[in-house]
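If you read the sequence shown in this note's numbering, its first letter stands for residue 2, the second for the next number, and so on.
A virtual CB, placed ideally from N, CA and C, is assigned to each residue, including glycine.
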Amino acid sequence: MAHSDDPTISNTIFWNNSATNDGNQYRFVQPMNLYYCYSNNSGDVAGSGAFNPVACVTADPQFADPDGPDNIAGNADDDYHLQNTSLCIDAGENSFAQWRNGRFGDGNPRIADRDDPPDGVATVGIGAYEHQL
Numbered sequence: 002m003a004h005s006d007d008p009t010i011s012n013t014i015f016w017n018n019s020a021t022n023d024g025n026q027y028r029f030v031q032p033m034n035l036y037y038c039y040s041n042n043s044g045d046v047a048g049s050g051a052f053n054p055v056a057c058v059t060a061d062p063q064f065a066d067p068d069g070p071d072n073i074a075g076n077a078d079d080d081y082h083l084q085n086t087s088l089c090i091d092a093g094e095n096s097f098a099q100w101r102n103g104r105f106g107d108g109n110p111r112i113a114d115r116d117d118p119p120d121g122v123a124t125v126g127i128g129a130y131e132h133q134l
């Protein structure tokens, strides 16, 4: 990712990506804000702008099957839903999820109590798909 504006990225997973030039997933020249995100490691960030991570962690997000049944990543059979043990479930920030009529990915409600067992607190998950129990 290269950007010269002031991007804010939230409730997002960047995992096992690679760059063709500089070797970093994020490269920026202006301030960049990451909120409630997962990334491989802090070495994935480079650039001259300020990097402001908030609640970002580097643990494996535990995708269901990121390279799909054919074991080839990057095609239509890849499954980026979260496993039941993922730390991304109910780990996002609701204030960043108030768009697109509250639905994303599969069309399920974006903000819901998806812990297993449910803890009574409805919180958005991190990633493209809201976890289903």
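Within the DSSP secondary-structure output, residue 35 pairs in a beta bridge with 10 and 54.
As a beta-bridge residue in DSSP terms, residue 113 pairs with 124. By the 16-neighbour rule on beta-carbons within 10 angstroms, residue 86 is exposed. Contact between residue 62 and residue 89 is confirmed by a C-beta separation of about 5 Å, below the 8 Å threshold. About 4 Å separates the beta carbons of residue 132 and residue 115, which is inside the 8 Å limit, making them a contact pair. Scanning 84, 123, 72 and 79 for the CA closest to the CA of residue 94 turns up 123. Rounded to whole angstroms, the Cβ separation of residue 60 and residue 80 is 19 Å, and the two are not in contact under 8 Å.
Among the bridge pairs identified by DSSP, residue 80 is matched with 66.
In this structure, DSSP gives residue 95 a helical state, which the three-state scheme calls helix.
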